[in-house]
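Visitor: My structure is below; once you've seen it, I'll send some questions.
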Amino acid sequence: MFYRRAGIRHTSYRSERRLWPLPFDRGLVAAVVVLLLVAPLVVERLYLIGYLMPWIIWSTAALGLNFLMGGAGQIHLGYGAIIAIGAYASTHLARAGVPFEIAALGGGLASAVIGSAFGATALRVKGLYLAMATLAMQSVVDFLITHVPWISGGGQATLTVPPARFLGADLRVDLAAYYVALSVCAVVTLFVLNVGRSSFGRALAAVREKDYAAAVIGVDPFRYKLLAFWVSSFIGGVAGAVLAFCYYRAISPDQFHLDLSIQLVAMVIVGGLGSVLGPFFGAALILFAPILLNQAVGALAAAFGLGISADLRAHLPLVLYGALIMGFLLAEPLGLAKIYDNVRKYFLVWPFRHAPR
Amino acid sequence: MTGEAARLLPSSAASPGGTEVALACAGIERSFGGLRALKGVDLEVRRGEIFGLVGPNGSGKTTMVNVMTGFYPPNRGSVRLFGRDITGTAPHAIARLGVARTFQNLALFKGLSVLDNILLGRHVHMRPGALASLFYWTWAEREEFAHRRIVEEIIDFMQLQDIRDEPVETIPMGLQKRVELARALAAEPSFLILDEPMAGMNQEEKEYIARFILDARDERDVTVFLIEHHMDVVTAICDRIMVLSYGEVIAEGEPRAAMADPKVIEAYLGHRAASRHAGARP
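So the sequences go chain by chain: A and B. Residues in the first sequence are numbered consecutively from 291, following our numbering. Residues in the second sequence are numbered consecutively from 169, following our numbering.
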């Protein structure tokens, strides 16, 4: 249909290794980019700030986590702590007078250093043990942030983010904040896409699949696992800085607890491990499915005049939300991105049944 | 052959099958708990030869390879590669010195295409990095394509053209073994270790692999260390062999002569068969 092509007709390595070899895909990507660029002009402020912004920022964070989990095959249950380190480090840097551009990178660097220091100790173990070790990191960081007044501002304090500018644009203005979040997301997305087609990404995939075979071709498994922790934590830290400056504008420890880490892992897994599209789908589902289901249950109850109790009214959306996630994973264990890919491949060769590649 | 490997080789390179020693193991001992898998093994592989290591199941062949490639550092003894002591060196560092190997039970990277698997063989010659990936168009692309050209040559050499884009787990095992050999050759090794490259293959596939091994030695200046159970192949392509039994060397030398050694027959077929064999041939 839209995609159809017959055979593979690349005449150069460059055309074969393009990010989107099909014209339809390129058009689709361009359309999405244009939509996101003009969104602030056509979408109401409520939707821009309440829905689009969090989706973009959580997608960025989920991309960072997916780099580690899907790319290098290392589980991380403390990614919320990584984001917290980035948010707090950049906020403190900005309060000390450092411009936002550098403070955000500083936040990423702080996350990367602390994250890979934990990673180095955690990487002595594998699988479930690594999950436990990263969970411990989450607790340690939570505890330190809450109990060190110098970091959190004391007890249950909320730390206000100082006014900041990015390339001259005031981040307290929603429009500027939106475009900053969008550009960071675009850079991270391009990075992850390019890793997938370069030697760095292949080495990570080798470590993920069989670390002893990776060693035999000259890849140092420990070094690459650590690099994956470093890069992933850096992305998480920058996402934390963007979160603090463009979205929350005031941060407190309870915004970065374990439930955030679990949500991020859910985004990655529901979206599709190792896929670049996955985190976007996953973040959308995890963020919006509860809201939509809540409204749907309310609307249905009203439409049919059902006198459901307040308890049921409150919990039914959550039950449906859980069922939805299970349903998607039962249908396609590789996540929403794989479901999209299946549909795409179907149209790629329609009316025939088998897809090339 | 580039980089480290080239520097390791003296410029006055000996002719294939010459007397220069490529890899020397001396007094290798390795135990696992109470099991003594290797009990003082000495071996010398000369540059340019195809050296076979044979022996009954459990005789310590794969352990020997794991000692040579750094996975099991020996409890005692030393390993020297082109004169350099590599005892106790980590596997990835040994790979950088020009040693490549294949595994008895395939160790390809699932989820990647045949092409990407072979490209991974080029890892030791590439300079991967996160920043290079971020600025792919200016940093990484040219390097990618330069190595792609070399990989395509190997794909032609191993006759894998029509499956290069397939996910590696979807192709038949005989071809997977060939892909693994291609990945090893992509590193342009000076020393190639093949752990049962023909296990589970039919006669035609065996002949293919035997031909690839001979070509790799002749055209690519590779010294080959071969573990194999198919005795027809071993006697046909190996210059010298060594026979292991219970972690000890029981025979060494020209393949047919070594295989006819009474101790070898006893190790494979038992004491009675060996004495009957000895009786039949005065």
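Note that the Cβ used here is the ideal one computed from N, Cα and C, for glycine as well.
Hey, out of A589/A, L516/A, S551/A and S565/A, whose CA is closest to G368/A's CA?
Guide: Looking at the Cα atoms, S551/A is the closest of the given residues.
Visitor: Quick one: is K278/B buried, meaning 16 or more other Cβ sit within 10 Å of its Cβ, or exposed?
Guide: Counting Cβ neighbours within 10 Å, K278/B comes out exposed, since fewer than 16 surround it.
Visitor: Could you tell me if M341/B is buried or exposed, where buried requires 16 or more neighbouring beta carbons within 10 angstroms of its beta carbon?
Guide: So M341/B counts as exposed.
Visitor: Suppose the cutoff is 7 angstroms on Cβ atoms and the five residues either side in sequence are ignored; what does the same chain contact list for A402/A look like?
Guide: For A402/A, where only same-chain residues beyond five positions count, the Cβ hits under 7 angstroms are W520, S523, F524 and G527.
Visitor: Measuring straight from C-alpha to C-alpha, what distance separates M369/B and L483/A?
Guide: Those two C-alpha atoms are separated by around 39 angstroms.
Visitor: Checking 9 angstroms against the spacing of the C-beta atoms, do P366/A and I372/A come in under that value?
Guide: Note on identity: in this sequence residue 366/A is His, with Pro being the wrong assignment. Yes; because the gap between Cβ atoms is below 9 angstroms, this pair is in contact.
Visitor: So who's on the other strand from T391/B, going by DSSP bridges?
Guide: Answer is F359/B, bridged to T391/B.
Visitor: Compare the C-beta of M291/A with all C-beta atoms of chain B and state if any pair is closer than 9 angstroms.
Guide: In this prediction, M291/A has a pLDDT of 49, which is less than 50 and means its spatial position is unreliable; what the coordinates show is noted afterwards. No, its Cβ sits nowhere closer than 9 angstroms to a Cβ of chain B.
Visitor: Are H293/B and A504/A close, meaning C-beta to C-beta below 9 angstroms?
Guide: It is not a contact, given that the beta carbons lie outside the stated cut-off.
Visitor: Indicate whether at least one CB of chain A lies closer than 9 angstroms to the CB of D330/B.
Guide: Chain A contact via Cβ: absent.
Visitor: Should D407/B and I196/B be called a contact, given that it needs their Cβ atoms to be closer than 9 angstroms?
Guide: Cβ distance not < 9 angstroms, so D407/B and I196/B don't count as in contact.
Visitor: Could you confirm whether any beta carbon from chain A is found closer than 9 angstroms to the beta carbon of K278/B?
Guide: For K278/B, the answer is yes, since a Cβ of chain A falls inside 9 angstroms of its Cβ.
Visitor: Does any residue of chain A bring its CB to less than 9 angstroms from the CB of A367/B?
Guide: No, its Cβ sits nowhere closer than 9 angstroms to a Cβ of chain A.
Visitor: Whether or not the region 320-332 of chain A and the region 450-457 of chain A are in contact is what I'm after, with contact meaning three or more pairs of Cβ atoms, one per stretch, closer than 8 angstroms; do they touch?
Guide: Counting Cβ pairs under 8 angstroms, fewer than three are found: no touch.
Visitor: Whole angstroms are fine: how far does the CA of F239/B sit from the CA of V402/B?
Guide: In a straight line, the C-alpha of V402/B is about 25 angstroms away from that of F239/B.
Visitor: Got a sec, what are the start and stop residues for the beta strand (DSSP E) V415/A sits in?
Guide: Run containing V415/A: none; DSSP gives neither H nor E here.
Visitor: Give the straight-line distance between the Cα atoms of A556/A and Q327/B, rounded to the nearest whole angstrom.
Guide: The straight-line gap from Cα to Cα measures roughly 43 angstroms.
Visitor: I want to see whether chain B comes within less than 9 angstroms of S669/A, judged by CB atoms only; does it?
Guide: Residue 669/A falls outside the range modelled here, since chain A spans only 291 to 647, and no answer is possible.
Visitor: Buried or exposed for V213/B, please, with buried defined as at least 16 other CB atoms from any protein chain shown within 10 angstroms of its CB.
Guide: V213/B comes out buried.
Visitor: Compare the Cα-Cα distances from L582/A to each of L420/A, G568/A, Y468/A and Y611/A and report the closest residue.
Guide: Of L420/A, G568/A, Y468/A and Y611/A, the residue nearest in Cα terms is Y611/A.
Visitor: What does V451/B touch in chain A if you count any residue whose Cβ is under 8 angstroms from its own?
Guide: The question about residue 451/B has no answer here: the residues shown for chain B are numbered 169 through 450.
Visitor: Would you identify the three-state DSSP class for R304/A, choosing helix, strand or coil?
Guide: In this structure, R304/A counts as helix in the three-state DSSP scheme.
Visitor: Grab the span of the alpha helix (DSSP H) containing V521/A for me, first residue to last.
Guide: It spans P511 to V532 - the alpha helix (DSSP H) in which V521/A sits, taken as one unbroken run.
Visitor: Verify the CB distance criterion: does R215/B have a CB-CB separation below 9 angstroms to chain A?
Guide: Not an interface residue.
Visitor: Could you name the residues that DSSP lists as bridge partners for S401/A?
Guide: Beta-bridge pairing links S401/A to no other residue.
Visitor: Count the C-beta pairs between the region 354-364 of chain B and the region 301-310 of chain B that are closer than 8 angstroms, then say yes if the count reaches three, no if not.
Guide: These segments do not touch.
Visitor: Output needed for F380/B: all residues of its chain with C-beta closer than 7 angstroms, excluding positions within five of it in sequence on either side, in chain order.
Guide: M326 and L349, listed in sequence order.
Visitor: What are the boundary residues of the alpha helix (DSSP H) that includes F219/B?
Guide: From DSSP, F219/B is part of no alpha helix (DSSP H) but of the beta strand (DSSP E) over I218 to V222.
Visitor: How big is the Cα-Cα spacing for A384/A and A377/A?
Guide: Rounded to whole angstroms, A384/A to A377/A spans 11 angstroms at the Cα level.
Visitor: Where does S254/A sit, in a helix, a strand or coil, going by DSSP?
Guide: Coverage of chain A is limited to positions 291 through 647, which leaves residue 254/A absent and any answer about it impossible.
Visitor: Anything in chain B within Cβ reach of F490/A, meaning under 7 angstroms, just list it in chain order.
Guide: P296, G297, A298, A300 and S301, listed in chain order.
Visitor: Leaving aside the five residues before and after S406/A along the sequence, list all residues of the same chain whose C-beta is less than 7 angstroms from its C-beta, in chain order.
Guide: Contacts found: L516, F519, W520 and S523.
Visitor: Would you decide whether L420/A is buried or exposed? Buried here means 16 or more other CB atoms lie within 10 Å of its CB.
Guide: Under this definition L420/A is a buried residue.
Visitor: Using the beta-carbon count (16 or more within 10 Å), is F578/A buried or exposed?
Guide: With fewer than 16 other Cβ atoms within 10 Å, it is exposed.
Visitor: Examine the Cβ distances between the region 557-574 of chain A and the region 356-363 of chain A and report whether three or more of them are shorter than 8 angstroms.
Guide: Touching, yes, given that three or more Cβ pairs across the two stretches are closer than 8 angstroms.
Visitor: Ordered along the chain, which non-local residues of its own chain (more than five positions away) have a Cβ less than 8 angstroms from that of I629/A?
Guide: Cβ within range, chain order: F618, A621 and E622.
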